[in-house]
Each structure stands twice: as C-alpha cells, then as structure tokens.
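First the structure, in the form of structure tokens, and then the observations on it.
Numbering (the numbering used here), first residue to last: 4 to 169.
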C-alpha cells in the first residue's frame, strides 16, 4: 500500500468491481479515452483480473485510489505495455481515472507522484494524454513527466501527447 497525505493507494481486489464499474461506466470519465464506458459488472471484473495479471507478471498495475475514509475515488498506476504505440514498445504507461466529483483537487497528481516515487527504479515510464484533455496533460507535467511529441492514435485517429519520465 502507498499512503499520501490524502490518499490510500492499493492493489485492486476482486470486491472492488462495483466501485470500478460506477467509475468506468460514466461517459464523462471516458470523454477523451479511446475505449467506451463499461456496460456491465462482468467488464469490471475482467478489468480487475487484468490488473491482477499485471501485478503477477510485471510487478505493476493500476491501483485503487481511496480517500482516508477508505472510499473508492478512482484508480491510478502503471501498466506494462508490449503494444507498439508512438513507435515505442515495452514501456510502463502511467494512467489514472477519478470520479468527476474528485476532479480539480490535485488528486491525480498526488497519486501519480506517489506511484512514480514508489516505482522510481523502473525505466521506460511514459504517459499518454489526448491533446484535448488539458487537465490530464497538466497532471503528467506536474508529476514530473516531460513532453516528447504529439502522435496520432491508431485506434481512434486522434492526436495524443507522449510524455516520458526520466
């Protein structure tokens, strides 16, 4: 578990599927993402299983973000990717999603900084944000990532910014 001033950050557990679904079924949360909102608890359970596999296979994964009262407010973390994105492969992608009522409070930045500090010995950490998602781009910069370039996402044809952590 990672603890910050306001947050508890831990591995996902199977029991988190309803909270994850409540977050990831919200169209607002997916406004700038290439994938669609979740449509079922089964999708949430599959997502959690994918994170459990990431923990086991790569030692990283998306993590549940809780407030100090143990309320689920979102997720953040690293995901190992062997897909070819922006002419790169075999990297760790920093990502985060929060409930809309948590936006604009610095929580994504706080969680991201704590996660990057926890995994400070990893190489090839990057972040990807839609050019249109100003808030997410700010989170990546405030978390210490450096802008590298703009590229077209092959899945949705939209422009994204690529950041790297040194």
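Ideal Cβ placement from N, Cα and C applies to all residues, glycine included.
Residue 81 and residue 97 closer than 8 Å at C-beta | Position 78 of the chain shown, counting from 1, holds the residue named residue 81. Position 94 of the chain shown, counting from 1, holds the residue named residue 97. It is a contact, given that the beta carbons lie within the stated cut-off.
My understanding is that residue 99 touches residue 5, with C-beta atoms under 8 Å, so please give their C-beta distance in whole angstroms.
-> Taking the first residue of the chain shown as 1, we reach residue 99 at position 96. Taking the first residue of the chain shown as 1, we reach residue 5 at position 2. In fact, because the Cβ distance is near 13 Å, the residues do not count as touching under 8 Å.
Ordered list of alpha helix (DSSP H) runs contained in the stretch 74 to 102, each at least 4 residues = Fully contained in the stretch 74 to 102 is no alpha helix (DSSP H) run of length 4 or more.
Give the straight-line distance between the Cα atoms of residue 93 and residue 83, rounded to the nearest whole angstrom.
-> Here the question's residue 93 lines up with position 90 in the chain shown. Here the question's residue 83 lines up with position 80 in the chain shown. Going from the Cα of residue 93 to the Cα of residue 83 covers about 7 Å.
Secondary structure of residue 152, DSSP reduced to three states | The residue you call residue 152 lines up with position 149 of the chain shown. Strand at residue 152.
Residue 35, enclosing beta strand (DSSP E) - first and last residue = Counting from 1 along the chain shown, the entry for residue 35 is found at position 32. The continuous stretches of beta strand (DSSP E) do not include residue 35, and DSSP gives it neither H nor E.
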